[in-house]
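Some notes on the structure that comes next.
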Amino acid sequence: MSRTSPSATPSVPPSPAPVPKPGPDFLSRAYWNGTIKMSLSKFFILCVLHQRPMHGYDVARAVEATTNGCCSPAEGTIYPVLREFEEGGYVTAASEVVSGRERKVYTLTDKGRAAFKVAVEAWMDVTRCLVDAEKMIAGAPDKVGSTPGCCP
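full-length UniProt numbering puts the first residue of the sequence shown at 1, with every later residue one more than the last.
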């Protein structure tokens, strides 16, 4: 008497395990610069639009000028952030034609102005924390400010 398995399907070799994606290189200054500059870009985009409405190219140049070149966002950074701000109701975009080309002019909304105010406060807290940390690293713990921990 022959025994046959109820499901006579050929065995399929298992798929190879997925190769884990390498994480960020936390030893890389480029990683930290990129992370910091992305946050700074968002902050300074709000900052320059707080001064006046402008189109994307002007936003990029104004951010670069405001930061003395420290933060010079490319188109690949500016437009996704402006789109994110527009979708969130922080800016409005109006089309205008200049020299035969259509451009979007971005204007900060009341919500955007409020977000800028909150961002200024947050960056001031972070700045104080960084100054305190630098003092600790420099070996001057008596000069460390009263901020408990790193950041509130």
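The beta carbon of each residue, even a glycine, is placed where N, CA and C say it ideally should be.
Source: prediction; values computed, not measured.
Across which residues does DSSP place residue 54 in a beta bridge pair? Looking at the DSSP assignment, residue 54 forms a beta bridge with 106.
Could you give the distance in angstroms between the alpha-carbon of residue 115 and the alpha-carbon of residue 49? If I take the Cα positions, the gap works out to 12 Å.
Whole-angstrom distance between residue 32 and residue 90, CA atom to CA atom: Approximately 27 Å between the Cα atoms of the pair.
How would you label residue 71, buried or exposed, when you count the other beta carbons within 10 angstroms and need 16 or more for buried? With 16 or more Cβ atoms within 10 Å of its Cβ, residue 71 is classed as buried.
Keeping to the same chain, check which residues put their C-beta closer than 6 Å to that of residue 20; ignore five residues upstream and five downstream. So no residue of the chain qualifies.
Cβ separation of residue 55 and residue 105, assumed to be a contact under 8 Å, to the nearest whole Å: Confirmed, Cβ separation roughly 5 Å.
Starting from the Cα of residue 81, find the closest Cα among 97, 110, 113 and 38 and give me that residue. For the residues 97, 110, 113 and 38, the minimum Cα distance to residue 81 belongs to 38.
Return helix, strand or coil for residue 41, following the three-state DSSP convention. Three-state result, residue 41: helix.
Please report the straight-line C-alpha distance between residue 101 and residue 76, rounded to a whole angstrom. Approximately 20 Å, taken between the alpha carbons.
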